[in-house]
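Asks: Quick note: the sequence shown uses our numbering, first residue 154, plus one each step. For each residue, glycine too, the CB sits at the ideal point set by N, CA and C. Since we're looking at a predicted model, the values are computed, not measured.
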Amino acid sequence: MRFVYDYNDYNDHNERILVSSQSWTVVDAKAKFSEMIERAMSEGPQTITRNGRTAAVVVGAEEWQRKTTRVGNLAEFFAGSPLRESGLKIRRLKQRPRKINL
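#1: Per DSSP, what are the beta-bridge partners of Ser176 in this structure?
#2: Just how far apart, CA to CA, sit Val179 and Pro250?
#3: Under a three-way DSSP split, which group does Thr221 fall into?
#4: Helix, strand or coil for Arg206 per DSSP?
#5: Rounding to the nearest angstrom, what Cα-Cα distance links His166 and Arg223 in this structure?
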């Protein structure tokens, strides 16, 4: 078993937590598939390796749903940006787009 830092995504509000991760070879994952699923649900992501390199990660359905559920929309994301009140000014070029000959 190894421990990895999970920097989480936008949906997790950028919290940093410690997650345990069991590493399985493809052969072991096939032989103990039910156990691997149980551990994914109770202990966290389970890494499957092939030839010593990470090939796949199995996660429980609840975690997958939490990670893939969209929170808010793009307008809300930009409205909540810390740059909103920064006074940043972006100037647009007044030139017309250049012509491209095909």
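Replies: Reading from the atomic positions:
#1: Thr200
#2: 53 Å
#3: helix
#4: strand
#5: Confidence at His166 is low in this model, with a pLDDT of 46, below 50, so the placement of that residue should be treated as unreliable; the coordinate-derived value is given next. Roughly 12 Å between the two C-alpha positions.
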